[in-house]
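Remarks on the structure that follows.
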């Protein structure tokens with residue numbers, strides 16, 4: 411079965427491929443737009459970005475399944491939190507949604523986000539590392555490498571594929 415991944419970001423691609431290595435699947439990654447702002451500012455906008463990526467990946471490939479993965483931030487009473495969401499879509503219309511771990515962002519980062527900067531650019535400025543979003547991500551930086559962006563998305567991929575697998579198993583009863 412062909413599975414599309416709606417991104418060219420290595421952290422997201424490897425999250426999908428590494429999680430599903432035991433399955434009999436073939437993968438294709440495609441550059442698609444999220445259709446949301448460059449810095450999603452709510453769970454809703456982040457989920458919409460993931461959903462748009464999955465839908466677009468299905469539309470431009472002949473895949474049976476497509477993953478859309480998106481990172482963003484969400485305001486909470488405890489501060490601005492890093493959030494990550496994923497959507498898995500089946501060509502026949504099935505759709506599964508899952509979210510990942512959250513982490514409060516430091517005040518200096520929050521201030522820059524509200525000034526209109528993207529998290530990736532803020533992280534590059536703070537760390538001197540380019541393309542943090544394609545590597546450890548803000549999650550990796552703020553957990554001292556204990557949890558990488560790839561691991562964060564891998565958990566979401568497992569939740570998505572697990573729901574898909576359960577739906578297949580339940581349809582046979």
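Numbering (our numbering), first residue to last: 411 to 583. Beta carbons are placed, not taken as given, at the ideal position from N, Cα and C, and that holds for glycine.
Going by DSSP, residue 567 is part of the alpha helix (DSSP H) stretching over 559–580. Between the region 498–506 and the region 435–452 there are fewer than three inter-stretch CB-CB distances shorter than 8 Å, so the stretches are not counted as touching.
A check of alpha carbon separations from residue 444 across 561, 418, 429 identifies 418 as the nearest.
With a cutoff of 8 Å on beta-carbon distance, residue 494 and residue 423 are scored as not near each other. Under the DSSP assignment, residue 497 falls in the beta strand (DSSP E) whose first and last residues are 489–500.
Close CB contacts of residue 466 within its chain, under the 7 Å cut and outside five residues either way in sequence, are with 416, 442, 443 (chain order). The DSSP-derived three-state label of residue 456 is helix. Under DSSP, residue 480 takes part in a beta bridge, and its partners are 495. No Cβ-Cβ contact shorter than 8 Å links residue 515 with residue 536. The beta carbons of residue 411 and residue 435 sit closer together than 8 Å. DSSP places residue 435 in the coil class of the three-state scheme, outside both helix and strand.
Distance from the CA of residue 413 to the CA of residue 439, rounded to the nearest whole angstrom, comes to 9 Å.
Annotation: residue 470 is outside any beta strand (DSSP E) and is labelled neither H nor E by DSSP. The alpha-carbon of residue 545 is positioned some 13 Å away from that of residue 552.
Burial check for residue 461: the Cβ neighbour count within 10 Å reaches 16 or more, so the residue is buried. With a cutoff of 8 Å on beta-carbon distance, residue 548 and residue 540 are scored as not near each other. As a beta-bridge residue in DSSP terms, residue 485 pairs with 490.
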